[in-house]
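When we follow our numbering, the leftmost residue of the sequence shown carries the number 2, and every step to the right adds one.
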Amino acid sequence: MSPSATLSSRGQERLDRVQAYYATNLLPVQKNYDKDKNPEGLINLGTAENSLLSDKLLELINSRFKLATEHLKYRSTLLNGFTPNTTQVLPRVINEALRPFIPNSIRSEHIAIGPGIGAVLAHLLWHLCDEGDGVLLTAPFYSDYIRDIIYPARARPVIVPIPADIDSLSVEAIPYLRRHIEAQLADGQKIKVLILNNPHNPLARAYPVNTIVEYARIAEEFNLHLVADEVFANEVYSTRYTPHPTPFTSVLSFPPPPSSDALPCSSSRIHVLWSPSKDLGASGLKIGALISPEPANKPLIETIRASMSATPVSGAADAVFTAILDEENGKWYEAFLEENRRRLRESMELVAGWCEVHGLGFEHAQAGPFLLVDFDKVIRKMEVAGPKDEFMSHSLSIEDQAKLVIDLLVRGGVRLQVPSVYGDPKGTRIRVVFSHPVEIMKIALRRIETALGLPHAEV
């Protein structure tokens, strides 16, 4: 009998990484919460999905969604036919969201579309990086960047540690970034890409202009590509904690040379990622765009499009987004975005107020559907009886103690991510996604109180 078939070495490496990830983030075998069908089910506050306006979105989709024959065909048939599609409607909404320096200058030929930002980023990195090349991320960072950096490009995530007392979105973080690059290069590590996640996940703020300028300067100085993930561009909002949030500024909004306000790097280095999915609360309808208006990057856009031919946006998803984003719905879309920001503000203030009642520190979120809550008080002071006495053992690291807190929460019916997966330097801050309907958020907060032995607070 012949030996059993085995994975390739790279397939085994991939499997090992997947198993290590799920050892930390394994979802329990448990159905999600549903008020009627499963009231004891798990409430997931660990995944950045937005359910605040799902009913309104479904109402529009169900009233306008209509498939044509071309949606049933290959994507090339759709694009070469006469049915409206996303290549026609996306440029308008991208221009409105990112506000390039020359108004309405982003056109369809500047865009490559794929099934979600993660897929587009993965394909982009495959084209920009050779195997083992470094991709820079300042900590903390969006955890799934690791997945997209490694597979399929087999590039290497290079995590830049920023001290906990330094704001990693400020210019004070730039010297740490520069020194880390220099150290990596001295050790023989090639660096090809610097990722700018603006507005930031999980810090939930936009980058100030002076930091964006310094990122561009770093890219030029070290011959790097600057990849700007701007997916939360439409989700900056004010709260009672931050009445004047840092405004979002796209890398595309700077004037070109020779203006003194131009970014200090070649525009051929700049690549932008954007999607309407997060704004609409439609992460499951996968669509993402790579945007690069620089003429020198036309071959890159063309090859990314070609590489997406095996994994394109589905015809059904294209039809849905085209119906939503059509110019006839322009006023509806703008009103939807404004209402989304209002509800994000309300949800953030709900969770922030809960944190204040319990004396928990938190980042003052200004963008996106999440905030970082510091559970240091709980981790250091919780008294756990019986077999969990090890929880308070000084031999356990902060990381392990945070994992035990996450385990308690999962068993209590709330799923959150371990801080180590996004490299948070403080180690005790947990990202809480608050973009659920208010009644579900209140149930989740009550469950957290019960699981961690906190007094029940009225919020």
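Ideal Cβ placement from N, Cα and C applies to all residues, glycine included. No experiment lies behind these values; they were computed from the predicted model shown.
- Sequence-distant Cβ neighbours of I107 in its own chain, meaning closer than 8 Å and more than five residues away, are P92, I95, N96, L99, P101, L253, I292, P294.
- With contact defined as three or more Cβ pairs closer than 8 Å, the segment 321 to 329 and the segment 132 to 150 are not in contact.
- In the same chain as P370, and ignoring 5 residues on each side of it, the C-beta atoms closer than 7 Å to its own belong to A49, N51, L345, V434, F435, S436, in chain order.
- Taken through DSSP and simplified to helix, strand or coil, P158 comes out as strand.
- In this structure, G289 lies near W275, with their beta-carbon atoms less than 9 Å apart.
- Sixteen is the threshold: when 16 or more other Cβ atoms of the shown chains lie within 10 Å of the Cβ of F142, as they do, the residue is buried.
- The beta carbon of T84 sits closer than 6 Å to the beta carbons of A69, E71 from its chain, once the five residues preceding and following it are set aside; these are given in chain order.
- Annotation: A458 to R447 spans about 8 Å, alpha carbon to alpha carbon.
- DSSP places N45 in the strand class (E or B) of the three-state scheme.
- In this structure, I192 sits away from V228, with a CB-CB distance that is not shorter than 9 Å.
- In the three-state DSSP reduction, T84 falls in the coil class, being neither helix nor strand.
- Looking at the DSSP output, I431 shares a beta bridge with V374.
- Taken in chain order, the whole alpha helix (DSSP H) runs of length 4 or more contained in the segment 246 to 297 are 278 to 281.
- Here V19 is exposed. Its C-beta has fewer than 16 other C-beta atoms within 10 Å.
- For A311, there is no enclosing alpha helix (DSSP H), as DSSP gives it neither H nor E.
- By the criterion of a C-beta distance shorter than 8 Å, S239 is surrounded in its chain by H245, P246, R346, Q367, once the five residues flanking it on both sides are discounted.
- Residues of the same chain with a CB within less than 7 Å of the CB of I163, apart from the 5 flanking positions on each side, are T139, A140, S169, A174, Y177, P426 in chain order.
- Across the set T312, S310, E231, the C-alpha of E231 shows the shortest separation from the C-alpha of P277.
- Fewer than three beta-carbon pairs drawn from the segment 355 to 364 and the segment 301 to 318 are found closer than 8 Å, and the two stretches are therefore not classed as touching.
- A contact is defined here as three or more CB-CB pairs under 8 Å, and the segment 407 to 416 fails this definition with respect to the segment 117 to 129.
- Exclusion of the five residues before and after R343 leaves Y238 as the residues of its chain whose Cβ lies within less than 8 Å of its Cβ.
- Each residue's CA atom was taken as its position, placing I112 and S268 some 15 Å apart.
- Rounded to the nearest angstrom, the gap between the Cα atoms of L351 and R381 is 25 Å.
- DSSP, read as helix, strand or coil, puts V232 in coil.
- In the structure shown, R11 falls within a helical segment according to DSSP collapsed to helix, strand and coil.
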